[in-house]
Amino acid sequence: MASTGIIENQFLETEINVSAKRTENLFRILFMMMAGLLILPVLIILTTLVVKGSSMISYEFLFSNPTNGMTEGGIFPALLGTVWLVGVALVISVPVGVAAAVYLSEYAADNWFTRAINLAIINLAGVPSIVHALFGVGAFVIFFGFGTSILAASMTLAVMTLPVVIVATRESLQAVPHAFREACWNMGATRWQTIRRVVLPNSVSGILTGVILEVSRTTGETAPIMFTGAAFFIPVLPESVFDQTMALSLHLFVVATQVPHVPDALPYGVALVLISMVLLMNSASIALRMHLRGKKKW
Amino acid sequence: MVSAAEDMTNVASTRDSAVKLEVRDVAIRYGSDTAIAGINLDVRENEIFGIIGPANAGKTSFLKALNRMNDFNTNMSVDGDIRFEGTNIRDVRNVYALRSRIGVVFPLPVGLPLTVYENVAFVPRLRGIGDKAELDVIVERCLTRAALWDEVKDRLDSLGSLLSGGQQQRLTIARALSQEPELLMLDEFSIAVDPVTTMRIEDVLKELKSEMSIILVTNLVQQARRLADRTAFFLDGECVEIGETEDLFSGQVKDSRTTDYIEGRFG
Amino acid sequence: MSQVHLRQTGNMPDINQRNADWYIDKIVQYLVFLSGISAIILIVGIFIFVTIEGFGFLLEDFSFKEFFLSQWWEPTDDDEPTYGILALMAGTASVTGLAMLVAIPFSMGSAIYVAEFATGKTRESLKVLIELLAAIPSVVWGFIGLSIMNPLIIDVFDVPVGLNILNAGIILGLMAAPIMTSICEDALKAVPDRYREAAEALGGTRWQVIYKTVLPAAKNGLLGGVLLGVGRGFGETMAVLMATGHAINMPGSVFDSVRALTATIAAELGETAVGSPHYQALFTIGIFLFTITFIINLSADLIVRGIRKS
Numbered sequence: 012m013a014s015t016g017i018i019e020n021q022f023l024e025t026e027i028n029v030s031a032k033r034t035e036n037l038f039r040i041l042f043m044m045m046a047g048l049l050i051l052p053v054l055i056i057l058t059t060l061v062v063k064g065s066s067m068i069s070y071e072f073l074f075s076n077p078t079n080g081m082t083e084g085g086i087f088p089a090l091l092g093t094v095w096l097v098g099v100a101l102v103i104s105v106p107v108g109v110a111a112a113v114y115l116s117e118y119a120a121d122n123w124f125t126r127a128i129n130l131a132i133i134n135l136a137g138v139p140s141i142v143h144a145l146f147g148v149g150a151f152v153i154f155f156g157f158g159t160s161i162l163a164a165s166m167t168l169a170v171m172t173l174p175v176v177i178v179a180t181r182e183s184l185q186a187v188p189h190a191f192r193e194a195c196w197n198m199g200a201t202r203w204q205t206i207r208r209v210v211l212p213n214s215v216s217g218i219l220t221g222v223i224l225e226v227s228r229t230t231g232e233t234a235p236i237m238f239t240g241a242a243f244f245i246p247v248l249p250e251s252v253f254d255q256t257m258a259l260s261l262h263l264f265v266v267a268t269q270v271p272h273v274p275d276a277l278p279y280g281v282a283l284v285l286i287s288m289v290l291l292m293n294s295a296s297i298a299l300r301m302h303l304r305g306k307k308k309w
Numbered sequence: 036m037v038s039a040a041e042d043m044t045n046v047a048s049t050r051d052s053a054v055k056l057e058v059r060d061v062a063i064r065y066g067s068d069t070a071i072a073g074i075n076l077d078v079r080e081n082e083i084f085g086i087i088g089p090a091n092a093g094k095t096s097f098l099k100a101l102n103r104m105n106d107f108n109t110n111m112s113v114d115g116d117i118r119f120e121g122t123n124i125r126d127v128r129n130v131y132a133l134r135s136r137i138g139v140v141f142p143l144p145v146g147l148p149l150t151v152y153e154n155v156a157f158v159p160r161l162r163g164i165g166d167k168a169e170l171d172v173i174v175e176r177c178l179t180r181a182a183l184w185d186e187v188k189d190r191l192d193s194l195g196s197l198l199s200g201g202q203q204q205r206l207t208i209a210r211a212l213s214q215e216p217e218l219l220m221l222d223e224f225s226i227a228v229d230p231v232t233t234m235r236i237e238d239v240l241k242e243l244k245s246e247m248s249i250i251l252v253t254n255l256v257q258q259a260r261r262l263a264d265r266t267a268f269f270l271d272g273e274c275v276e277i278g279e280t281e282d283l284f285s286g287q288v289k290d291s292r293t294t295d296y297i298e299g300r301f302g
Numbered sequence: 216m217s218q219v220h221l222r223q224t225g226n227m228p229d230i231n232q233r234n235a236d237w238y239i240d241k242i243v244q245y246l247v248f249l250s251g252i253s254a255i256i257l258i259v260g261i262f263i264f265v266t267i268e269g270f271g272f273l274l275e276d277f278s279f280k281e282f283f284l285s286q287w288w289e290p291t292d293d294d295e296p297t298y299g300i301l302a303l304m305a306g307t308a309s310v311t312g313l314a315m316l317v318a319i320p321f322s323m324g325s326a327i328y329v330a331e332f333a334t335g336k337t338r339e340s341l342k343v344l345i346e347l348l349a350a351i352p353s354v355v356w357g358f359i360g361l362s363i364m365n366p367l368i369i370d371v372f373d374v375p376v377g378l379n380i381l382n383a384g385i386i387l388g389l390m391a392a393p394i395m396t397s398i399c400e401d402a403l404k405a406v407p408d409r410y411r412e413a414a415e416a417l418g419g420t421r422w423q424v425i426y427k428t429v430l431p432a433a434k435n436g437l438l439g440g441v442l443l444g445v446g447r448g449f450g451e452t453m454a455v456l457m458a459t460g461h462a463i464n465m466p467g468s469v470f471d472s473v474r475a476l477t478a479t480i481a482a483e484l485g486e487t488a489v490g491s492p493h494y495q496a497l498f499t500i501g502i503f504l505f506t507i508t509f510i511i512n513l514s515a516d517l518i519v520r521g522i523r524k525s
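Here you go:
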């Protein structure tokens with residue numbers, strides 16, 4: 012059959028093109044190696060941390076105070092401080108974040124205003140962490156007068172991780188088919204009744220995924236809390252949200268750069284604890300997501 | 036099976052009844068496209084009002100306007116007056132109450148992702164009924180009338196959204212019945228339902244007529260013939276004619292297109 | 216058939232009476248709207264508060280020429296403090312630049328592999344690992360730069376100091392790569408299958424299909440991903456603080472120590488008095504950083520949205 016077309020056909024060959032296949036395999040392997048090279052450093056790093064830091068891990072390490080100018084002892088105040096900070100940040104950001112996502116998913120019309128909100132969310136997520144710290148100092152420490160405190164630091168963290176909750180919640184809400192809402196509206200339910208009884212309960216797992224992710228991010232942040240409420244060393248444990256506190260992420264920075272004569276293994280131990288917490292929470296979030304994918308409710 | 040004589044008596048008895056729904060000069064537009072215009076009709080108490088006509092005649096848009104579901108579509112505008120039990124639906128102070136008193140069943144079955152029990156208990160709960168014993172009675176009653184009770188009575192806590200299509204449609208009907216509506220609107224309900232179940236539901240509709248008004252939109256003209264007291268014929272966005280069902284089907288029409296459609300020459 | 220009549224409950228809602236649920240719905244609508252605009256309020260708020268704290272500097276000691284063109288950042292000099300951030304900008308630019316050199320090819324390559332070649336379990340595992348890579352906190356990366364990369368660079372390249380552009384650049388590259396990979400992967404996946412099918416039907420191999428059809432179609436999304444990676448690199452603080460060394464100078468080679476804009480704020484803010492010119496100057500750097508990342512994010516979003524529209 013003669014081909015009559017003038018079609019410029021880049022792909023058509025009349026014989027098996029060995030070199031094209033070889034090129035393909037070359038690129039395939041190249042890209043695979045690239046992906047591998049991305050992952051490999053992580054594995055090396057994790058292994059090094061485990062090897063050099065696991066000697067520090069013990070019950071005492073986790074639950075006792077640092078001693079001798081922080082060259083010995085444990086990390087309990089830092090651990091507790093992180094729990095405080097993350098907890099308060101959650102209390103602030105989850106309600107606001109979920110409500111904002113509800114607005115975006117259930118009420119907002121598709122106009123420039125909604126696009127502006129979405130743009131603001133993306134930008135909020137992209138603001139450098141040190142600028143968040145500056146904002147925290149200017150707004151919460153000084154303007155609102157909270158001083159350097161857990162409250163100021165947590166609020167700064169909340170602002171920083173708000174986008175995570177909003178995006179995860181919004182996606183979760185939008186995954187609920189619109190037909191369910193219409194069915195409820197047809198029966199005389201108000202928007203809120205529909206959201207409360209049908210939409211939200213079926214989005215809880217997705218929201219939880221976002222919350223776990225937020226906890227993971229908040230745990231690792233250092234810059235936003237450095238000047239707003241976390242301190243290098245505090246001899247007493249915080250008693251209220253108006254107190255300052257130590258924090259695990261900051262503690263790593265301190266023992267790695269600010270404390271002289273630190274035994275080698277100490278910062279590795281701190282890093283190991285921090286990264287373990289973060290990776291555990293992330294894995295939980297990923298596992299939850301995969302579990303959800305299998306459980307069909309409609 | 037209802038004989039022709041009984042049919043005539045039914046028709047006669049509704050002729051003098053009060054009006055449940057008044058529709059005057061109603062037009063519905065989507066942006067600049069007119070879906071339907073110049074609709075004038077009444078739906079009386081205790082009658083089954085049939086609406087027949089080919090696809091895209093505006094029937095579904097018409098139903099959406101009747102319970103103000105057009106509020107949710109900014110692109111959809113409704114002109115004209117629709118009065119439900121004397122009140123203009125545009126003027127009601129509580130539109131949710133309006134929707135609560137009008138039940139709708141659409142062609143696509145929707146089982147809510149709640150238990151079957153909670154699907155049917157949804158509206159009673161909204162209205163403040165929390166007592167389990169009362170809810171049990173309502174749920175069983177509505178599921179029975181929707182011809183679904185026997186199939187689900189042993190698994191009331193299974194998810195409504197995971198039932199089969201025909202079951203979900205009957206569940207939707209049960210939900211509509213749980214509203215104790217004064218007006219029940221069905222839009223081609225039998226598409227998702229097998230013929231036997233359709234028959235059972237048609238029997239239920241005949242019974243329900245004594246308690247409410249029913250608007251039955253259907254593309255099965257014989258279904259209209261079986262059930263409707265009066266029938267309207269919608270075509271290309273206008274209401275061509277309205278008349279006693281038997282009149283239309285026996286050729287006493289004002290517009291020949293009605294007979295053409297009924298006899299299957301188009302649509 | 217059940218003979219029980221339906222209308223027994225007497226709870227029929229009145230269409231002319233607004234009940235509690237009606238009011239609750241309205242209240243929820245307003246509350247939710249307020250939360251919805253919170254993101255806008257916060258972004259504007261960040262800009263306002265950072266500007267307020269830096270305002271004094273802008274009014275008094277700020278000279279455009281000195282700020283942007285002088286490499287002498289000596290705010291603590293008693294006689295004549297200078298506020299030139301040129302060297303700091305060079306620090307940020309060089310580290311970010313190197314990071315992009317590392318990250319862009321690797322991210323694209325990985326994205327192509329995951330989106331076009333890998334299947335099933337391999338693909339899922341890779342995606343999970345990349346996601347975990349993204350989760351590693353900045354301060355941990357900084358520590359790695361200090362403890363692992365530092366001696367490594369000194370050994371391998373035989374240089375006296377291992378805290379430099381090379382160190383921070385590689386680390387920043389590894390930090391930015393996961394986000395870039397996942398956005399690029401999304402961009403590739405967004406290309407409809409029919410493009411691939413059409414090209415394959417014309418006889419192309421996998422690679423030819425990708426190279427000639429998929430990549431060009433995805434270029435907007437890929438560009439957006441790169442931009443977002445740059446934005447991330449620009450704004451990174453702790454890792455850069457710990458891995459670049461503490462020398463403020465104009466870099467001559469990748470083995471030079473530098474100081475980035477973000478790190479400068481982090482390193483010096485604690486030692487300034489609130490309201491002093493030094494303090495305000497640091498906030499002014501903050502305004503600058505905010506503006507740059509805002510522009511980068513805006514551009515990235517516009518570009519990425521450009522593809523979604525078509």
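Protein chains in written order, with our numbering: chain A, 12 to 309; chain B, 36 to 302; chain C, 216 to 525.
Every residue gets a Cβ at the ideal spot worked out from N, C-alpha and C, and that includes glycine.
The structure displayed is predicted, hence computed values, not measured ones.
Using three-state DSSP, classify C/THR487 as helix, strand or coil.
coil
Among A/VAL270, A/ASP121 and A/ARG181, which one has its Cα closest to the Cα of A/SER216?
A/ARG181
What are the residues in the stretch 102-125 of chain A lying within 9 Å of chain C by C-beta distance?
PRO106, VAL107, GLY108, VAL109, ALA110, ALA111, ALA112, VAL113, TYR114, LEU115, GLU117, TYR118, ALA119, PHE124 and THR125
Using a Cβ-Cβ cut-off of 6 Å (strictly less than) and excluding sequence neighbours within five positions of A/ALA295, which residues of its own chain qualify?
ILE223
Which value, in whole angstroms, describes the spacing of the CA atoms of A/ALA127 and B/ILE117?
A straight line joining the alpha-carbon of A/ALA127 with that of B/ILE117 spans about 39 Å.
At the level of alpha carbons, what is the spacing between C/SER397 and C/VAL343?
11 Å
Look up A/ILE161 in the DSSP assignment and say whether it is helix, strand or coil.
Helix, per DSSP.
Using a Cβ-Cβ cut-off of 8 Å (strictly less than) and excluding sequence neighbours within five positions of C/HIS493, which residues of its own chain qualify?
PRO290, THR291, PRO296, GLU483 and THR487
In whole angstroms, what separates the C-alpha of B/ASN110 from that of B/ASP271?
20 Å
Rounded to whole angstroms, what is the Cα-Cα separation between A/LEU173 and A/SER104?
Their backbone Cα atoms lie some 6 Å apart in a straight line.
Taking 8 Å as the limit between beta carbons, can you name the residues of its chain near B/ASP282, skipping five residues before and five after?
The residues are VAL288.
Quick one: list the residues of chain B neighbouring A/VAL209, beta-carbon separation under 9 Å, in chain order.
LEU147, PRO148, LEU149 and PHE157
Quick one: does A/VAL284 have its CB under 8 Å from some CB of chain C?
no
Mind pulling the chain B residues with CB within less than 9 Å of A/MET44?
Within 9 Å Cβ-Cβ: nothing; A/MET44 doesn't reach chain B, min ~45 Å.
When the Cα of A/LEU283 is compared with those of A/GLY64, A/THR205, A/VAL29 and A/PRO77, which residue comes out closest?
A/GLY64
Taking A/PHE72 as the query, report the chain C residues whose CB atoms sit under 8 Å from its CB, ordered along the chain.
The contact set of A/PHE72 on chain C, defined by CB atoms closer than 8 Å, is empty, because the minimum CB distance reaches about 17 Å.
For A/SER69, decide whether its Cβ has a neighbour in chain C, counting only Cβ atoms nearer than 8 Å.
No, its Cβ sits nowhere closer than 8 Å to a Cβ of chain C.
With burial defined as no fewer than 16 other Cβ atoms inside 10 Å of the residue's Cβ, what is the status of C/ASP516: buried or exposed?
buried
Taking the C-alpha atoms as reference points, what is the distance between A/GLY137 and C/GLY444?
Approximately 10 Å, taken between the alpha carbons.
Please state whether the Cβ-Cβ distance between C/VAL406 and C/GLU415 is less than 8 Å.
In this structure, the beta-carbon distance from C/VAL406 to C/GLU415 does not fall below 8 Å.
Near B/PHE224, which residues of its chain fall below 6 Å by C-beta distance, leaving aside the five closest residues on each side in sequence?
VAL140
Check the C-beta distance from A/ASP254 over to A/ILE161 and give it rounded, since I have them as a contact under 8 Å.
6 Å
Would C/MET453 pass as a contact of A/THR233 if the rule is Cβ separation under 8 Å?
With contacts defined by Cβ atoms closer than 8 Å, C/MET453 and A/THR233 form a contacting pair.
Kindly indicate the opening and closing residues of the beta strand (DSSP E) around B/LEU304.
Absent from the model: residue 304 of chain B. The displayed extent of chain B is 36 to 302, so no value can be given.
Per DSSP, what are the beta-bridge partners of B/LEU339 in this structure?
There is simply no residue 339 of chain B to check, as chain B begins at 36 and stops at 302 in what is shown.
If we require 4 or more residues per run, which alpha helix (DSSP H) segments fall completely within the stretch 32-76 of chain A?
70-74
How would you list, in chain order, the residues of chain C whose beta-carbon sits under 7 Å from the beta-carbon of A/SER260?
PRO352 and VAL354
Could you give the DSSP three-state label for A/MET81: helix, strand or coil?
coil
With which residues is C/TRP288 paired in a DSSP beta bridge?
C/TYR298
Is it right to say C/ALA413 is buried, meaning 16 or more other beta carbons lie within 10 angstroms of its own, or is it exposed?
Exposed: under 16 other Cβ atoms inside 10 Å.
To which residues does DSSP link B/MET111 through a beta bridge?
B/MET111 is bridged to B/TYR65.
Could you tell me whether the Cβ of C/TRP237 comes closer than 8 Å to any Cβ of chain A?
Yes, because at least one Cβ of chain A sits closer than 8 Å to the Cβ of C/TRP237.
Quick one: using the 10 Å Cβ neighbour count with 16 as the cut-off for buried, is A/HIS272 buried or exposed?
exposed
Quick test of the definition: if touching needs 3 or more C-beta pairs under 8 Å, does the stretch 164-180 of chain B touch the stretch 129-149 of chain B?
no
To the nearest angstrom, how far is it from the Cα of A/HIS262 to the Cα of A/MET43?
38 Å
Which residues mark the beginning and the end of the beta strand (DSSP E) in which A/SER104 is found?
That residue, A/SER104, is in no beta strand (DSSP E); its alpha helix (DSSP H) goes 87-113.
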